[in-house]
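Letter by letter, the sequence shown follows residues 54 to 444 of our numbering.
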Amino acid sequence: MDQDSFDVIVVGGGIVGTAAAYFLVRRGASVALVERDRIGQGTTARSFAWINASSKVADEPYHRLNALGAGLYKELGSTFGDSRLGLHRTGMLQCISRSDAAGHAAMMEQADYLTRYGYPHSVIDAAALAELEPHITFDDEVTAIHAMSEDWLDAPQCTRVLADEVRNLGSIVLEQCAAQELTMSDDGAISGLVTQHGMFSAPRVLIAAGHETPEVLAQLTGYEAFSARFPMNRVPGLLVTTPDNDRTRNLHHVIYFDSPAGAFHIRPAPNGGLRMGADDTDGMIAEDASAGRMQEAAARLLSYARARVPELIGDITAEQCELALGIRPYPHDGKTLAGPLPGSEGLYLIATHSGITLAPALGTLMAELIIEGSTSDALRPFSLDRFPGFS
Numbered sequence: 054m055d056q057d058s059f060d061v062i063v064v065g066g067g068i069v070g071t072a073a074a075y076f077l078v079r080r081g082a083s084v085a086l087v088e089r090d091r092i093g094q095g096t097t098a099r100s101f102a103w104i105n106a107s108s109k110v111a112d113e114p115y116h117r118l119n120a121l122g123a124g125l126y127k128e129l130g131s132t133f134g135d136s137r138l139g140l141h142r143t144g145m146l147q148c149i150s151r152s153d154a155a156g157h158a159a160m161m162e163q164a165d166y167l168t169r170y171g172y173p174h175s176v177i178d179a180a181a182l183a184e185l186e187p188h189i190t191f192d193d194e195v196t197a198i199h200a201m202s203e204d205w206l207d208a209p210q211c212t213r214v215l216a217d218e219v220r221n222l223g224s225i226v227l228e229q230c231a232a233q234e235l236t237m238s239d240d241g242a243i244s245g246l247v248t249q250h251g252m253f254s255a256p257r258v259l260i261a262a263g264h265e266t267p268e269v270l271a272q273l274t275g276y277e278a279f280s281a282r283f284p285m286n287r288v289p290g291l292l293v294t295t296p297d298n299d300r301t302r303n304l305h306h307v308i309y310f311d312s313p314a315g316a317f318h319i320r321p322a323p324n325g326g327l328r329m330g331a332d333d334t335d336g337m338i339a340e341d342a343s344a345g346r347m348q349e350a351a352a353r354l355l356s357y358a359r360a361r362v363p364e365l366i367g368d369i370t371a372e373q374c375e376l377a378l379g380i381r382p383y384p385h386d387g388k389t390l391a392g393p394l395p396g397s398e399g400l401y402l403i404a405t406h407s408g409i410t411l412a413p414a415l416g417t418l419m420a421e422l423i424i425e426g427s428t429s430d431a432l433r434p435f436s437l438d439r440f441p442g443f444s
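1. Going by the DSSP bridge assignment, what does C148 pair with across the sheet?
2. Give the straight-line distance between the Cα atoms of T266 and I366, rounded to the nearest whole angstrom.
3. Pick from L270, R287 and Y172: whose alpha carbon is nearest that of F279?
4. To the nearest angstrom, how far is it from the Cα of V110 to the Cα of G139?
5. Find out if the Cβ-Cβ distance for the pair I423, L259 is shorter than 8 Å.
6. Tell me the rounded alpha-carbon separation between A123 and W205.
7. May I have the straight-line CA-CA distance separating H385 from S136, to the nearest angstrom?
8. Looking at F435: is its Cβ nearer than 8 Å to the Cβ of L390?
9. Using the beta-carbon count (16 or more within 10 Å), is Q272 buried or exposed?
10. Which one or two residues does DSSP pair with I104 in a beta bridge?
11. Smallest Cα separation from L355: which of L292, K388 and P323?
12. Touch check for the segment 153-168 and the segment 302-315: three-plus C-beta pairs under 8 Å?
13. Express the C-alpha separation of L402 and I243 in angstroms, rounding to a whole number.
14. In whole angstroms, give me the CA-to-CA distance for H174 and L167.
15. A232 lies in the beta strand (DSSP E); which residues open and close that run?
16. Tell me the rounded alpha-carbon separation between D55 and A120.
17. Determine the contact status of G392 and T428, defining contact as a CB-CB distance below 8 Å.
18. What is the DSSP secondary structure of H141, counted as helix, strand or coil?
19. Given that a residue counts as buried once 16 or more other Cβ atoms are within 10 Å of its Cβ, and exposed if not, what is S407?
20. Can you tell me which of the three DSSP states V63 falls into?
21. Within 10 angstroms of its Cβ, does S343 collect 16 or more other Cβ (buried), or is it exposed?
22. According to DSSP, is G379 part of a helix, a strand, or is it coil?
23. Considering Cα atoms alone, identify which of M145, C230, I62 and R99 is closest to D90.
24. Of the residues I62, S58, S100 and A82, which one's Cα is nearest the Cα of I68?
25. At which residues does the alpha helix (DSSP H) containing S280 begin and terminate?
26. For a test of the three-state rule: what should DSSP assign to V362, helix, strand or coil?
27. Which of the three DSSP states is assigned to R89 in this structure?
28. In angstroms, rounded to a whole number, what distance separates the CA positions of E425 and A85?
29. If you drop the 5 nearest sequence neighbours on each side, which residues of the same chain put their C-beta closer than 6 Å to that of D207?
30. Does the Cβ-Cβ distance between M285 and P382 come in under 8 Å?
31. For the alpha helix (DSSP H) that contains R117, what are its first and last residues?
32. My parser needs the alpha helix (DSSP H) runs of 4 or more residues fully inside the segment 387-442; what are they?
33. Between the Cα of L215 and those of A72, E375, A262 and F191, spot the shortest distance and give me the residue it belongs to.
34. Quick one, which of G336, P209 and T301 has its alpha-carbon nearest G326's?
35. Below 6 Å CB to CB, which residues in the same chain sit around G70 once its five sequence neighbours on both sides are set aside?
36. Answer with buried or exposed for R361, where buried requires no fewer than 16 other C-beta atoms within 10 angstroms of its C-beta.
Structure representation (structure tokens):
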């Protein structure tokens, strides 16, 4: 390797870090993208990967950040081709029964927010649902939000495409290359990064290490307190992907079923099967869950699927399915962390839930911040200095 000096080093080759590297390179920066394992094979590969903003209405800046991400995927699809990118433009159906009066009222309030924000959607009844999903029997009491612009993503495939483009545009992607320590100049400014494959120079480093951000930040800076005080939780989540059969290919949308018992979500999967998850099964799972506990939670997920979409599930068992445990980064207030690390010069970070949806938005906004030095109004509400101890 003949290049060891860059404009920016990005630590973390999930979809968030890779998207940031891509947009940095597009702005003319030379970039080294450093990934400890393989590109797109961490939480990125264990995500439901529903690109959406419809469920995020309580905070308008956060909704608009997610909507920006969703819109940028359309542009990336036009650039690379939807199929190559792994982008599936299916739309989303959020379903709830009118018999759940409180839940139905909450969904109607959600729809009002979406109207106020100018977000494309419609509220439809069971008859319209049956036209959109003819292989599913919907109860007459069901009402749905149809978010026709929402998609799902083969996230590992998309991440690889963006990483390949980083290489094609003259920068480098280093896999199986653990970051070890930041280097600094005499005045305390960032000057580079020591990795297991040597030292690389750069005046700016962006950390996008997902749920491991606190530990990575502590290791690279030598400030162990970051491990405990960084305002982020690790939240495990279980996803089940069924095998492919004639039934599973009859689902055409992402569907989000809401009920007093908890939310259940299902969508087509790249293998032709179905990918599903639920809030309460996530609650059953710890990071060190045993195989037996995972199978128990998977069986419960399949029972939810049979109760809602029996026409698609048939007699598929948990033993036939692929189980994936993802550890999601979840900032304490539920909203993205993105921007410079307060008190540092040249050190930036991104840590967020909904990383699949947000990756292109955060990538382009952080590239603008890092290269131009200007913080977009869309990014400003998500700085780390909103938390005590980081202001």
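Heads up, the beta-carbon is just placed ideally off N, CA and C, and yes, glycines get one too.
Taking the structure as given:
1. Counting from one through the sequence shown, the residue named residue 148 turns up at place 95. A197 and F310, per the DSSP bridge assignment.
2. The residue you call residue 266 lines up with position 213 of the sequence shown. The residue you call residue 366 lines up with position 313 of the sequence shown. Between T266 and I366, the C-alpha separation is close to 38 Å.
3. Translated into the one-based positions of the sequence shown, residue 279 becomes position 226. Closest option to F279, Cα to Cα, is L270.
4. Translated into positions along the sequence shown, residue 110 becomes position 57. Translated into positions along the sequence shown, residue 139 becomes position 86. C-alpha separation (whole angstroms): 27 Å.
5. Start at 1 with the first residue of the sequence shown, and residue 423 comes out as number 370. Start at 1 with the first residue of the sequence shown, and residue 259 comes out as number 206. Between I423 and L259, the CB-CB gap stays under 8 Å.
6. Position 70 of the sequence shown holds residue 123. Position 152 of the sequence shown holds residue 205. One C-alpha to the other measures close to 10 Å.
7. Here residue 385 refers to the residue found at position 332 when the sequence shown is read from its first residue. Here residue 136 refers to the residue found at position 83 when the sequence shown is read from its first residue. In this structure, the alpha-carbon of H385 lies about 36 Å from that of S136.
8. Taking the sequence shown and counting its residues from 1, the one referred to as residue 435 is at position 382. Taking the sequence shown and counting its residues from 1, the one referred to as residue 390 is at position 337. Using a Cβ distance threshold of 8 Å, F435 and L390 count as a contacting pair.
9. As a position in the sequence shown, residue 272 is number 219, starting the count at 1. By the neighbour-count criterion, in which 16 or more other beta carbons inside 10 Å mark a residue as buried, Q272 falls on the buried side.
10. Mapped onto the sequence shown, residue 104 falls at position 51. Residue pairing from DSSP places I104 in a beta bridge opposite D204.
11. Within the sequence shown, the letter at position 302 stands for residue 355. If we check each option's Cα against that of L355, L292 comes out closest.
12. Taking 8 Å as the limit for Cβ pairs, the verdict is that the segment 302-315 does touch the segment 153-168.
13. Taking the first residue of the sequence shown as position 1, residue 243 is located at position 190. Taking the first residue of the sequence shown as position 1, residue 402 is located at position 349. Our two residues, I243 and L402, have alpha carbons roughly 13 Å apart in a direct line.
14. As a working note, residue 174 is residue 121 in the sequence shown. As a working note, residue 167 is residue 114 in the sequence shown. One Cα belongs to H174, the other to L167, and the distance between them is close to 7 Å.
15. As a first step, residue 232 is located in the sequence shown; it is residue number 179 there, counting from the start. That run of the beta strand (DSSP E) goes A232 to M237.
16. Counting from one through the sequence shown, the residue named residue 55 turns up at place 2. Counting from one through the sequence shown, the residue named residue 120 turns up at place 67. Low confidence applies here, because D55 scores a pLDDT of 46, under 50, leaving its location unreliable; read the following figure in that light. Put simply, the backbone Cα of D55 is about 40 Å away from that of A120.
17. Residue mapping note: residue 392 aligns to position 339 of the sequence shown, counting from 1. Residue mapping note: residue 428 aligns to position 375 of the sequence shown, counting from 1. The Cβ atoms of G392 and T428 lie closer than 8 Å to each other.
18. By one-based count along the sequence shown, residue 141 stands at place 88. The three-state secondary structure of H141, taken from DSSP, is strand.
19. Translated into the one-based positions of the sequence shown, residue 407 becomes position 354. Flag for S407 reads buried.
20. Position 10 of the sequence shown, counted from the start, is the residue given in the question as residue 63. Strand.
21. Numbered from 1 along the sequence shown, position 290 holds the residue referred to as residue 343. Classification for S343: exposed.
22. In the sequence shown, the residue the question calls residue 379 occupies position 326. For G379, the three-state secondary structure derived from DSSP is strand.
23. For the purposes of this step, residue 90 is taken as residue 37 along the sequence shown, with counting starting at 1. Considering only alpha carbons, the answer is C230.
24. The count along the sequence shown starts at 1 and reaches residue 68 at position 15. Measuring C-alpha to C-alpha distances from I68 to each of I62, S58, S100 and A82 identifies S100 as the nearest.
25. As a working mapping, residue 280 is identified with position 227 in the sequence shown. Element bounds for S280: F279 to R282.
26. As a position in the sequence shown, residue 362 is number 309, starting the count at 1. Note: V362 maps to coil in three-state DSSP.
27. Counted from its first residue, the sequence shown places residue 89 at position 36. Here R89 sits in coil by DSSP.
28. Residue 425 sits at position 372 when you count from the first residue of the sequence shown. Residue 85 sits at position 32 when you count from the first residue of the sequence shown. If I take the Cα positions, the gap works out to 19 Å.
29. Here residue 207 is taken as the residue at index 154 of the sequence shown, counted from 1. Closer than 6 Å at the Cβ level, and outside the excluded window around D207, lie G139 and P323.
30. Along the sequence shown, one-based indexing puts residue 285 at 232. Along the sequence shown, one-based indexing puts residue 382 at 329. Against a cut-off of 8 Å, the Cβ pair of P382 and M285 comes out as a contact.
31. Taking the sequence shown and counting its residues from 1, one reaches residue 117 at position 64. Run containing R117: E113 to F133, per the alpha helix (DSSP H) assignment.
32. Residue ranges of uninterrupted alpha helix (DSSP H) with 4 or more members, entirely inside the segment 387-442 and ordered along the chain, are 408-425.
33. Start at 1 with the first residue of the sequence shown, and residue 215 comes out as number 162. Here the closest residue by C-alpha is A72.
34. By one-based count along the sequence shown, residue 326 stands at place 273. Nearest C-alpha to G326: T301.
35. Position 17 of the sequence shown, counted from the start, is the residue given in the question as residue 70. Counting only Cβ-Cβ distances below 6 Å, and skipping sequence neighbours, we find V63 and A261.
36. For this step, residue 361 is matched to residue 308 along the sequence shown. Buried, because 16 or more other Cβ atoms sit within 10 Å of the Cβ of R361.
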